[in-house]
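J.:
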Amino acid sequence: MDKDALYRYFSNSATESERSEVRRWVEESSDNYLEFMSERHFFDTASMLVCEPEAESEAPARARRPWRIWTRVAAAAAIVAGTLAVQYVFFGNQESPMPMQSIYVPVAQRLSLVLADGTTVWLNSATTLRFPGDFRGGTRQVEVDGEAYFKVAKDAGRPFTVVTDHGDVVATGTEFNVDAYSTSEDFSVSLVEGAVHLSSPDTCIYMHAGEKIELLADGAFSQGALELSSLEWIDGLLSFNNLPMTEILARFEKYYGVTVRHSRSDFATAYFSGKFYLDEGVEQALNTLRHDIRFDYEVDKSTRTITIK
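Residue numbers (the numbering used here): 124 to 432.
1. Identify whether residue 381 lies in helix, strand or coil by the three-state DSSP scheme.
2. Could you tell me the alpha carbon to alpha carbon distance between residue 146 and residue 313, rounded to whole angstroms?
3. Am I right that residue 258 and residue 281 are in contact with their C-beta atoms under 8 Å? What's the rounded C-beta distance?
4. By DSSP's criteria, residue 304 is part of a beta bridge. Which residues make up the other side?
5. Across which residues does DSSP place residue 228 in a beta bridge pair?
6. Measuring straight from C-alpha to C-alpha, what distance separates residue 426 and residue 350?
7. Taking only the alpha-carbon atoms, compute the straight-line gap between residue 124 and residue 278 and give it to the nearest angstrom.
8. In terms of DSSP beta bridges, what is residue 432 paired with?
9. Counting Cβ pairs, one atom from each stretch, are 3 or more of them under 8 Å apart for the stretch 354–367 and the stretch 337–346?
10. Considering only residues of the same chain and omitting the five flanking positions on each side of residue 225, which have a CB-CB separation below 6 Å?
11. Might you give, ordered along the chain, the residues of its own chain that have their beta carbon closer than 8 Å to the beta carbon of residue 151, omitting 5 neighbours on each side?
12. Starting from the C-beta of residue 328, find all residues in its chain whose C-beta is less than 7 Å away, skip the five residues before and the five after it, and write them out in chain order.
13. Where does residue 436 land, buried or exposed, given buried means 16+ other C-beta within 10 angstroms?
14. Whose C-alpha, out of 398, 143, 244, is nearest the C-alpha of residue 375?
15. Per DSSP, residue 346 forms a beta bridge with which residues?
16. Below 8 Å CB to CB, which residues in the same chain sit around residue 394 once its five sequence neighbours on both sides are set aside?
17. Ignore the nearest five residues each way along the sequence and tell me which others in residue 137's own chain have a CB closer than 6 Å to its CB.
18. By DSSP, does residue 326 sit in helix, in strand, or in coil?
19. Out of 261, 386, 155, state which residue places its alpha-carbon closest to the alpha-carbon of residue 142.
20. Quick one: using the 10 Å Cβ neighbour count with 16 as the cut-off for buried, is residue 334 buried or exposed?
21. Bridge partners of residue 420, per DSSP?
22. Within the continuous beta strand (DSSP E) that includes residue 112, where are the two ends?
23. What distance in whole Å lies between the Cβ atoms of residue 372 and residue 400, which are believed to be in contact at a cut-off of 8 Å?
24. Which one of 264, 287, 391 has the shortest CA to CA distance from residue 222?
25. In the DSSP output, what is residue 284 paired with across the bridge?
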């Protein structure tokens, strides 16, 4: 594929015939798709270098993780010469970006919505989604701080990118879950259908349906099989399979918006499986667990703190 045609496509200056040709080319093979994404990354990085100072003057930049800064500097060093040469080709006819909208889901609540391209998004407790009112040009991009499940509308010529503080997920039409709270070091991507690629500081991982990838404390990724029960929160269920009590309580904190305190060492070796309806509340869940492991608890509703004895 002619790179000039790709750049016109990315900058929204391609003719309808060129746009159709690019889409057909992308759908022909996985190699074409990977080349398309490589050129897209080059274009986006160049766009960031040229346009970012003006954007920062309008509003404070969102805090980013140190590795993202490292990636930006490395990319700048690699392409600065090329950027100076192609700035005019890239940006001469570019439309003004759409204003970003923001939705915040309070703790212990969930929300679903449909974006302008037809993509359906489910947002979990304490999650923020930033998205444009319309997707212009050759890409679709949103930002997530929290947990979100995406059912992406198919459009092979316009990749769908989810930007988080931990990493970026790129797809064309697929279903996946992103767990990326900026307040936590935990980060995972669960792929239900289709294919995505996940960008980290110094690697790019191509994921297949049925896989789950988690970011480990040392910065490496762990890749394993997906348990679909972990995604039932979109149906109002908290499901778990053979998890220790410590992990179950951590999920209570996340999904019910509470703080759980305890000093029980036996919780780490007590494993359970089960399902709870989230709208029944955390006390109902705790009372159910008390049938299998003995404990008492107190609730401070003013601070949403649960103390287990």
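Virtual Cβ for every residue (Gly too), placed ideally from N, Cα, C.
Please read these numbers as outputs of a predicted model, since none were measured by experiment.
T.: Working from what's here:
1. The three-state reading of DSSP puts residue 381 in coil, since its state is none of H, G, I, E or B.
2. If you draw a straight line from the Cα of residue 146 to the Cα of residue 313, it comes to about 26 Å.
3. Contact holds; Cβ gap of about 7 Å.
4. Beta-bridge pairing links residue 304 to no other residue.
5. The partner list for residue 228 (beta bridge, DSSP) reads 250.
6. In a straight line, the C-alpha of residue 426 is about 33 Å away from that of residue 350.
7. Rounded to whole angstroms, residue 124 and residue 278 show a C-alpha spacing of 18 Å.
8. The bridge partners DSSP lists for residue 432 come to none.
9. No, because fewer than three Cβ pairs between the stretch 354–367 and the stretch 337–346 fall closer than 8 Å, the two stretches do not touch.
10. Spatial neighbours of residue 225 in its own chain (CB-CB distance under 6 Å, excluding positions within 5 residues in sequence) are listed in chain order as 253.
11. Counting only Cβ-Cβ distances below 8 Å, and skipping sequence neighbours, we find nothing.
12. Counting only Cβ-Cβ distances below 7 Å, and skipping sequence neighbours, we find 320, 321, 336, 344.
13. The structure shown does not extend to residue 436, since the chain is modelled only from 124 to 432, so the question has no answer here.
14. Taking only the C-alpha atoms, the option nearest residue 375 is 398.
15. For residue 346, which the question treats as bridged, DSSP gives the partners 336.
16. Within the same chain, residue 394 has close Cβ partners 365, 366, 367, 368.
17. Contacts found: 131.
18. For residue 326, the three-state secondary structure derived from DSSP is coil.
19. Checked all of 261, 386, 155; the closest Cα to residue 142 is 261.
20. Here residue 334 is buried. Its C-beta has 16 or more other C-beta atoms within 10 Å.
21. Answer by DSSP bridge pairing, in chain order: 431.
22. With the chain represented from 124 up to 432, any question about residue 112 goes unanswered, as that position is not in the structure.
23. Residue 400 to residue 372, Cβ: 18 Å. No contact.
24. When only C-alpha atoms are compared, the closest one is 264.
25. DSSP lists 264, 293 as the beta-bridge partner residues of residue 284.
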